[in-house]
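Novice: There's a structure below that I have some questions on.
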Amino acid sequence: GFLYCCTSLKTVNLSCLQNVSRIGSHFLSYCPLLEIVDFCSFEKVTKIGYSFLSNCSSLKTISNISGLRNVKCIEEYYENTYFLYECGSLEPIDASVPGYECLSEEMKKEFEKFEESRKEEESD
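Going left to right, the sequence shown walks through residues 1051 to 1174 as my numbering numbers them.
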């Protein structure tokens, strides 16, 4: 996993990935202090691996969500993508977020699953 288990990482500039088309599993996973991720340079990314941005308990903001608009495939691990898994501090990601409307159906489903799981956790 690239940028996996970076326990001191608070911010990250992903502009160096502007020519990358596929992100492997565990990208930016287990980064407990990470607060903001900006997807401004992700336009070429079409596939992301499982456990993308998982276990980032301090993650509050995803900026430039429209950078994920070309992602059509999210890998699964035992029938779960673990996308944003255990990221309970994240501000809501829904149709009110600028750029959300241009996301693929696959990405919208992942954000919807995340929001549903958060509501389930709150009701427990």
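Using N, Cα and C, we set each Cβ at its ideal position, and we do this for glycine too.
Just so we're clear, the structure is a prediction, and the values are computed from it rather than from any experiment.
First and last residue of the alpha helix (DSSP H) that includes K1071?
Specialist: Inspection of the sequence shows that residue 1071 is occupied by Ser rather than by Lys. Segment: none, S1071 is in no alpha helix (DSSP H) and carries neither H nor E.
Novice: Following the continuous beta strand (DSSP E) through S1146, name the residue where it begins and the one where it ends.
Specialist: Taken as a continuous stretch (DSSP letters only), S1146 belongs to no beta strand (DSSP E), as it is neither H nor E.
Novice: Hey, quick one: how far does the alpha helix (DSSP H) through S1116 stretch, first residue to last?
Specialist: Per DSSP, S1116 belongs to no alpha helix (DSSP H) and is neither H nor E.
Novice: Confirm, please, whether the CB-CB distance from E1151 to V1121 is below 8 Å.
Specialist: Not a contact, by the Cβ cut-off of 8 Å.
Novice: Could you please give me the residues that DSSP links to C1056 through a beta bridge?
Specialist: None; C1056 has no bridge partner.
Novice: Locate the alpha helix (DSSP H) running through K1094, then write down its first and last residues.
Specialist: Careful: K1094 lies outside any alpha helix (DSSP H) and carries neither H nor E.
Novice: Pull up the distance between the alpha-carbon of S1146 and that of C1090, whole angstroms please.
Specialist: C-alpha separation (whole angstroms): 18 Å.
Novice: Tell me the rounded alpha-carbon separation between I1112 and Y1128.
Specialist: One C-alpha to the other measures close to 26 Å.
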